[in-house]
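Report on the structure given below.
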Amino acid sequence: MTRAMIEAVGLHKSFGETHALAGLDFDVKEGTILCMLGPNGAGKTTAVRILTTLTRPDSGSATVAGIDVLRHPAEVRAKIGVAGQYAALDEILTGRENLQMVGRLYRVDAAAAKKRADDLLAHFELTDAADRTVKTYSGGMRRRLDLGAALMAQPPVIFLDEPTTGLDPKGRLSMWDLIADLARGGTTVLMTTQYLEEADRLADDIAVIDHGRVIARGTADELKRQVGGERLEVIVSDTPGLAAARRVLEALGEGPARVDEDDRRVSVAVASHDGVLTRAIRELDSAGVHVDDIGFRRPTLDEVFLSLTGRPAEETPEITQ
Amino acid sequence: MIGLGWWLRDSWEMVRRNLIHIKRTPELLLDVTLSPIMFVLLFSFVFGGAISVGSEGGQDASYINFLMAGIFVQTVAFAGIYTGVLLANDLQKGMIDRFRSLPMSQSSVLTGRTLTDLMRATLAIAIMWVVGMLVGFRPEGGIGGNLAAVAIMLLFGFALSWVGVAAGALVRTPEALQGIIFAAVFPLTFVSSAFVPTDTMPGWMRIFAENQPMTLVVNAVRDLTLGTNLYAAELPSVIWSVAILVVSFPLGLWLYNRRTTQ
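Sequence order for the protein chains is A and B. Okay, so the first sequence: first residue is 1464 according to my numbering, each after it adds one. Okay, so the second sequence: first residue is 146 according to my numbering, each after it adds one.
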């Protein structure tokens, strides 16, 4: 039986007329990654700020590593590491100075902080840049250093607020590896994201947040089933091909095909990838359908929202594979 | 919960951070190096011949002797309030969020800031002292008197840097505060005994000028550095500084906490 390392019960928080959190409940089990998924303004950042003692809720309670966040914030701070969307670093200090300072402020003794900083710089491939001021760092380097700062005291719980927003694909992949490593090492991770793909890749568990509440909770597979899973999508070269393409796809997939005449697009839900694409191409060819494009499309955050709330997310991030 | 030892260690950590900033961006010292030198030279050469200060100018009855206390206190006051600009600057960056999430003494961010600015003020006093003596400043107050003068200035500057903390936590941008400082502190230094004797001011202004803290601190410093005994302002000036500190210290802490936990 693993215990909950993060627990939030009935968190409410308003900023004036805006209700950022409206009764948020969730927990994160020890050594797992929970992804909070939701559009901008859903309340993700507010939730993280409350759990990391940066903001006080209007009502509700929360514990981190078994410690009450509201009653013993200082004790909570000794157990957590935080890395955010806006890297919390000192631009004028070098990467090494940033890590060592944060380490000492975590009460790690100076010699150990020095050693730990060197290890993290090497692990995050920042050794060459270690003695340059952070001002000169790229976005990806800043995020890695920021995560390094969060890990200086090897805290059991890590909070990551949109750790890959604004990163290029390479930076995103390297950040994903680092986060996955953390959980493998037994660290409990709460991260927020706007990208379903990211949650899919990293999360043991996903909490979909909207209007300051959890509206769905489950593994990536469970949620995708709710959304309708992956679809096989075909763009045909000419409108007359649509009807034939529809017959082929409906025979291959599950349920009725969706047809969009303007875009000459036909799509159908599929249960698995096994041989589906090859068969589709072969059968479309023998039916004499000319195809411009064909491929699997995963549900986007927008579709999760559409399916869970009946309305689209306010912001639609581009997710292409 | 957090012992005095940790508080001191954290404050020193913050001072160290601020000193690295100064080392990497020496422009940060212009306001406590170049500007006071300019003020000493400009005022003493431009106004020196035109203003008669009598016994308030010490043994030489010279304007430079009169002026130095005013320049010292003006510079230390500006350096103190300027703490607010540096804090507001910091509040715009992400580092404060990092500090808030660390198990450190939270007030050390502010004590570190104000202690660094006390060092800046000390540097400014030293530079002005040397420049002043080069152009005729003759502090005849003896070692004890001069050290007491420096202590009174620094106490005043330290008190004002907590006013700066409170102001810095209130404003949204450092630029806004810079404007406010200019509009608020300049009149206070000019309507005081800093640059001219107050007895030529109109009656209503004179009442204000002679009783406001800037004048009392300037007068105390003037008496102590010159070895004169004209104003008996030492005790009132210290009381003013302590009073400002007693109000601004908790207010600054409270405003900073409120600002950073929104």
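A virtual CB, placed ideally from N, CA and C, is assigned to each residue, including glycine.
From the DSSP output, read off the bridge partner residues of residue i.
i, result
"SER386 (chain B)", "Bridge partners of SER386 (chain B): none, in fact."
"ARG1557 (chain A)", "Here residue 1557 (chain A) turns out to be Thr, not Arg, going by the sequence shown. In DSSP, THR1557 (chain A) forms a bridge with A:THR1596."
"LEU1474 (chain A)", "A:LEU1487"
"GLU1696 (chain A)", "A:SER1730, A:GLY1758"
"GLY1544 (chain A)", "A:ILE1621"
"ARG1676 (chain A)", "A:ASP1673"
"LEU1497 (chain A)", "A:LEU1653, A:ASP1668"
"LYS1492 (chain A)", "A:ALA1467"
"VAL1527 (chain A)", "A:ILE1469, A:ILE1530"
"VAL1722 (chain A)", "A:VAL1729"
"GLY148 (chain B)", "GLY148 (chain B) pairs with nothing; no bridge assigned."
"HIS1482 (chain A)", "A:SER1477"
Of all the options the options, which has the alpha carbon lying nearest to the alpha carbon of residue i?
i, options, result
"PHE303 (chain B)", "B:MET183, B:THR259, B:LEU292, B:LEU149", "B:THR259"
"ILE352 (chain B)", "B:VAL341, B:MET213, B:ASN364, B:VAL336", "B:VAL336"
"GLN232 (chain B)", "B:LEU322, B:TRP349, B:LEU247", "The question names Gln, yet the displayed sequence has Leu at residue 232 (chain B). Cα-wise, what sits closest to LEU232 (chain B) is B:LEU322."
"GLY203 (chain B)", "B:ALA314, B:VAL366, B:PRO347", "B:VAL366"
"THR170 (chain B)", "A:PRO1703, A:GLY1718, A:ILE1555", "A:ILE1555"
"LYS1476 (chain A)", "A:GLY1738, A:LYS1507, A:PHE1759, A:LYS1492", "A:LYS1507"
"ARG403 (chain B)", "B:GLY313, B:THR334, B:ILE325, B:LEU361", "B:GLY313"
"ALA1505 (chain A)", "A:GLY1523, A:GLY1486, A:GLU1470, A:VAL1711", "A:GLY1486"
"LEU299 (chain B)", "B:PHE331, B:ARG283, B:ASP262, B:TRP274", "B:ASP262"
"THR1627 (chain A)", "A:ASP1531, A:THR1516, A:ARG1664, A:ALA1483", "A:ARG1664"
"ASN291 (chain B)", "B:ALA214, B:LEU396, B:ASP205", "B:ALA214"
"ASP1673 (chain A)", "A:ASP1748, A:LEU1484, A:LEU1474", "A:LEU1484"
"VAL1545 (chain A)", "A:ALA1743, A:LEU1517, A:LEU1589, A:THR1599", "A:LEU1517"
"VAL221 (chain B)", "B:LEU398, B:ILE297, B:ALA195, B:GLU172", "B:ILE297"
"VAL230 (chain B)", "B:ARG283, B:LEU173, B:LEU164, B:PHE394", "B:LEU173"
"PHE1489 (chain A)", "A:ARG1761, A:ALA1707, A:ILE1669, A:VAL1729", "A:ILE1669"
"VAL1472 (chain A)", "A:THR1465, A:THR1481, A:VAL1527", "A:VAL1527"
"VAL275 (chain B)", "B:ILE182, B:PRO248, B:LEU247, B:SER200", "B:ILE182"
"VAL1597 (chain A)", "A:ALA1576, A:THR1557, A:GLU1625", "A:THR1557"
Taking its Cβ as the centre, do 16 or more other Cβ atoms sit within 10 Å of residue i, making it buried, or is it exposed?
i, result
"ASP1756 (chain A)", "exposed"
"GLU1777 (chain A)", "Bear in mind that a pLDDT of 49 at GLU1777 (chain A), under 50, signals an unreliable position, so the model cannot answer this."
"PRO347 (chain B)", "exposed"
"LEU179 (chain B)", "exposed"
"THR370 (chain B)", "buried"
"LEU175 (chain B)", "exposed"
"HIS1753 (chain A)", "exposed"
"ARG1606 (chain A)", "buried"
"THR318 (chain B)", "exposed"
"ILE1543 (chain A)", "buried"
"PHE282 (chain B)", "buried"
"ARG1688 (chain A)", "exposed"
"ASP1701 (chain A)", "exposed"
"SER1749 (chain A)", "exposed"
"GLY287 (chain B)", "exposed"
"ASP1591 (chain A)", "exposed"
"ALA388 (chain B)", "exposed"
To the nearest angstrom, how far is it from the Cα of residue i to the Cα of residue j?
i, j, result
"LEU186 (chain B)", "ALA378 (chain B)", "27 Å"
"LEU1614 (chain A)", "ALA1580 (chain A)", "9 Å"
"GLU1781 (chain A)", "ASP1631 (chain A)", "In this prediction, GLU1781 (chain A) scores a pLDDT of 41, lower than 50, which makes its location untrustworthy; no coordinate-derived value is stated."
"MET146 (chain B)", "LEU400 (chain B)", "Unreliable positioning characterises MET146 (chain B) in this predicted model, as indicated by a pLDDT of 48, which lies under 50. The coordinate reading is nonetheless provided below. Their Cα atoms are separated by approximately 22 Å."
"LEU1695 (chain A)", "ALA1732 (chain A)", "6 Å"
"THR1783 (chain A)", "ARG1567 (chain A)", "Any reading at THR1783 (chain A) must be qualified, since the residue scores a pLDDT of 37, below 50, and its modelled position is unreliable; the value itself is stated next. Their Cα atoms are separated by approximately 43 Å."
"THR360 (chain B)", "ASN374 (chain B)", "15 Å"
"THR343 (chain B)", "ASN234 (chain B)", "37 Å"
"THR1779 (chain A)", "ARG1709 (chain A)", "Residue placement at THR1779 (chain A) is flagged as unreliable, the pLDDT there being 43, under the threshold of 50; a coordinate-derived value is accordingly withheld."
"ARG1559 (chain A)", "LEU149 (chain B)", "27 Å"
"ASP1582 (chain A)", "ILE1530 (chain A)", "29 Å"
"VAL254 (chain B)", "SER1637 (chain A)", "33 Å"
"ILE1642 (chain A)", "GLN251 (chain B)", "29 Å"
"GLN219 (chain B)", "ALA339 (chain B)", "8 Å"
"ILE1621 (chain A)", "ALA224 (chain B)", "40 Å"
"HIS1736 (chain A)", "GLN1657 (chain A)", "25 Å"
"ASN1561 (chain A)", "ALA195 (chain B)", "54 Å"
"TYR227 (chain B)", "VAL391 (chain B)", "19 Å"
"GLY372 (chain B)", "VAL363 (chain B)", "14 Å"
"VAL316 (chain B)", "ALA1720 (chain A)", "58 Å"
"GLY1649 (chain A)", "GLY1603 (chain A)", "25 Å"
"LEU1608 (chain A)", "GLY309 (chain B)", "32 Å"
"ARG1519 (chain A)", "VAL383 (chain B)", "39 Å"
"ALA1510 (chain A)", "LEU333 (chain B)", "46 Å"
"GLY397 (chain B)", "ARG1570 (chain A)", "26 Å"
Any heavy atom of the ligand ATP closer than 6 Å to the CB of residue i?
i, result
"PRO284 (chain B)", "Ligands displayed in this structure: none; no statement on the ligand ATP is therefore possible."
Quiz item: What are the uninterrupted segments assigned as alpha helix (DSSP H) that are 4 or more residues long and contained completely in the region 1572–1633 of chain A, given in chain order?
Solution: 1573–1586, 1602–1613
Quiz prompt | Every unbroken alpha helix (DSSP H) inside the region 172–227 of chain B [4 residues or more] | solution = 179–187
Quiz item: Which whole runs of the alpha helix (DSSP H) in the region 250–288 of chain B are 4 residues long or more, in chain order?
Solution: 253–279
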